[in-house]
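Participant: Mind having a look at this structure? Questions to follow.
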Amino acid sequence: MPGVYEKNRSSSRLRFFFFSDCAYIMLEQVGGKAHMYLLYAFGIGALVAFQVLFNGSLGNAIGVYNEAMIVHAVGVFFAWLFLKASHKKLVLDRSLPFWAYLGGCIGVLTVIFQALAFGRISMISISSLTLLGGTLASLFLDSFGLMGMEKRPFNRSTLIGFAFSIAGILVMMDFNEKSSVIPVILSLTAGVVIVVSRTINAVLSNSIGALQGSFINHLAGLPITIVLAFLLDGLNLQQASLLFSAPVWTYFGGAIGVVAIACNNVVVPKISAFHFTLLSFLGQMATSILIDLAFGTAANIRSVYGGLLIAAGMILNMLLSRKKEAQA
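This is the structure we're talking about:
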C-alpha cells in the first residue's frame with residue numbers, strides 16, 4: 001500500500017497549502033501592525049493543535065488518566081510562573097458563586113476525551129470535530145441565553161455550513177466499525193465540554209484576570225485527575241517512575257495551554273473577533289495536517305476527507321455570520 005499512502009500524503013500537503021493560502025489572503029487584506037497580530041492568531045491555533053498532539057502522545061505512553069494528572073500539574077506550575085513573571089497577584093473574588101471556580105473540574109473531560117481519540121482518527125478530524133461540537137454548544141447557549149450568555153436568534157443560513165459538517169462526520173465514520181464511531185463521539189463531546197468549561201472560566205477570568213483564572217482552572221482539576229489516575233490507571237507509589245517514561249516533549253501540553261491564554265490576552269484586543277476566530281481556526285487546521293503528515297495518520301483517507309468537509313462547513317459559517325453582521 002505504499003502508493004496509496006504516498007498519494008494520501010500528497011493530497012494532505014495540498015490541504016495544508018489550502019489553509020495556509022487562506023491565511024495569507026487574509027493577511028494581504030489587512031495592513032499595518034494588524035499583520036503581526038493576525039500572525040499571532042494563526043500561531044495560537046497552531047499551539048492548540050500541538051497541545052492535542054503532546055497530550056495525546058503522553059496519554060498513549062503512560063495512560064490517559066495519568067496524562068490528565070500530569071497536564072494539570074504542569075499547567076498549575078507554568079500558570080504560577082507566568083503570574084510571578086508578570087507580577088500579578090492572585091486575589092479571589094468572594095462575591096462570585098461557587099460554581100465559577102469549577103470550570104477546571106469540567107475541563108478535565110476535554111483532556112481525557114481528546115487523548116482517547118488521539119491516534120484513532122486523524123488530527124484534522126479531532127480538531128474539526130472538537131470545533132464543530134463547540135460551535136453547536138455555543139449556538140445552543142446563545143439561542144436560549146443560558147449560563148449568562150446574551151440571547152441571540154438562530155441564524156438559519158448557518159444550516160448550509162452544518163450540512164457540510166454533517167456530511168464530513170458521515171464520511172469519516174464506519175458504522176460497522178465501533179473503533180471509528182467512538183473517537184468521533186469523543187471529539188464532538190470534547191468540543192461541547194470546552195464551551196461549557198470556557199463559559200464558566202470566563203466568569204472567573206473577567207473578575208480576577210485571565211492568568212489567575214488559568215491557575216485556578218488547572219488547580220481545580222488537579223485533585224480530580226489524581227483520583228482518576230489512582231483508580232483507573234492503577235497508579236501507585238511503586239509505579240510512580242512510569243509517569244516519567246515518555247519523551248520529554250510530551251510533558252509540555254499543560255504549558256502550551258497557559259502560553260495560549262497569555263497570547264490571547266495580547267491578541268484579542270488588537271483585532272476583530274472574526275479575524276481572530278478564523279485565523280486561529282486556519283492555524284489549527286494547517287498544523288493538524290502537518291502533524292498528520294509527520295505521524296502517518298494522513299493514510300486514513302476517510303478520516304482526513306471527513307475532517308476537511310467539517311472544516312469547510314465551519315469556515316462557511318464564519319463567513320456567513322460575518323456577512324450578516326456587516327449587513328446589520
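Residues 1 to 328 (full-length UniProt numbering) make up the sequence shown, in order. Virtual Cβ for every residue (Gly too), placed ideally from N, Cα, C.
Measuring straight from C-alpha to C-alpha, what distance separates A100 and A137?
Facilitator: Counting from one through the sequence shown, the residue named residue 100 turns up at place 100. Counting from one through the sequence shown, the residue named residue 137 turns up at place 137. Each residue's alpha carbon lies about 19 Å from the other.
Participant: Straight-line CA distance for M318 to G213?
Facilitator: The sequence position of residue 318 within the sequence shown is 318, counting from 1. The sequence position of residue 213 within the sequence shown is 213, counting from 1. C-alpha separation (whole angstroms): 28 Å.
Participant: Less than 6 Å between C-beta atoms, sequence neighbours within five positions excluded: which residues of the same chain meet that for L219?
Facilitator: Within the sequence shown, numbered from 1, the residue matching residue 219 stands at position 219. Contacts found: V76.
Participant: Leaving out five residues before and five after residue 337 in sequence, what residues of the same chain have Cβ atoms less than 8 Å from its Cβ?
Facilitator: Nothing about residue 337 can be read from this structure; the chain reaches only from 1 to 328.
Participant: For M1, count the other beta carbons within 10 Å of its own beta carbon; 16 or more makes it buried, fewer makes it exposed. Which is it?
Facilitator: Here residue 1 corresponds to residue number 1 of the sequence shown, with the count starting at 1. Because M1 carries a pLDDT of 42, less than 50, the predicted location of this residue cannot be relied on, and the following value inherits that uncertainty. By the neighbour-count rule (16 or more Cβ atoms within 10 Å), M1 is not buried but exposed.
Participant: How would you write the range of the alpha helix (DSSP H) that residue 332 sits in, first residue to last?
Facilitator: Because the chain in this structure spans residues 1 to 328, residue 332 falls outside the shown range and cannot be described.
Participant: Here's a check: name, in chain order, each residue in its chain whose Cβ is nearer than 6 Å to the Cβ of S187, leaving out the five neighbours to either side.
Facilitator: In the sequence shown, residue 187 corresponds to position 187, counting from 1. Closer than 6 Å at Cβ, skipping near neighbours: A117, I126, L129 and T130.
Participant: Which residues in the same chain have their Cβ closer than 8 Å to the Cβ of A46, if we skip the five residues on either side of it in sequence?
Facilitator: Locating residue 46 in the sequence shown gives position 46, where the first residue counts as 1. Same-chain partners within the cutoff: G283, Q284, A286 and T287.
Participant: Mind reading off the beta-carbon distance from S245 to I62? Whole number of angstroms is fine, and I expect it under 8 Å.
Facilitator: Stepping through the sequence shown from its first residue, residue 245 is reached at position 245. Stepping through the sequence shown from its first residue, residue 62 is reached at position 62. Correct: roughly 6 Å between the Cβ atoms.
Participant: Less than 6 Å between C-beta atoms, sequence neighbours within five positions excluded: which residues of the same chain meet that for G134?
Facilitator: One-based indexing of the sequence shown puts residue 134 at position 134. Hits under 6 Å: G191, I194 and V195.
Participant: Please go through the same chain and pick out, in chain order, the residues whose beta-carbon is closer than 8 Å to the beta-carbon of P247, but skip the five residues on each side of it.
Facilitator: As a position in the sequence shown, residue 247 is number 247, starting the count at 1. Excluding five sequence positions before and after P247, the CB atoms of its chain that fall closer than 8 Å to its own CB belong to S57 and A61, given in chain order.
Participant: I believe F82 touches L211 by the beta-carbon criterion, under 8 Å. Please report the beta-carbon distance rounded to the nearest angstrom.
Facilitator: Position 82 of the sequence shown, counted from the first residue, corresponds to residue 82. Position 211 of the sequence shown, counted from the first residue, corresponds to residue 211. About 5 Å; that satisfies the 8 Å criterion.
Participant: Cβ of M314 within 9 Å of Cβ of S122?
Facilitator: Stepping through the sequence shown from its first residue, residue 314 is reached at position 314. Stepping through the sequence shown from its first residue, residue 122 is reached at position 122. No, they are not a contact pair.
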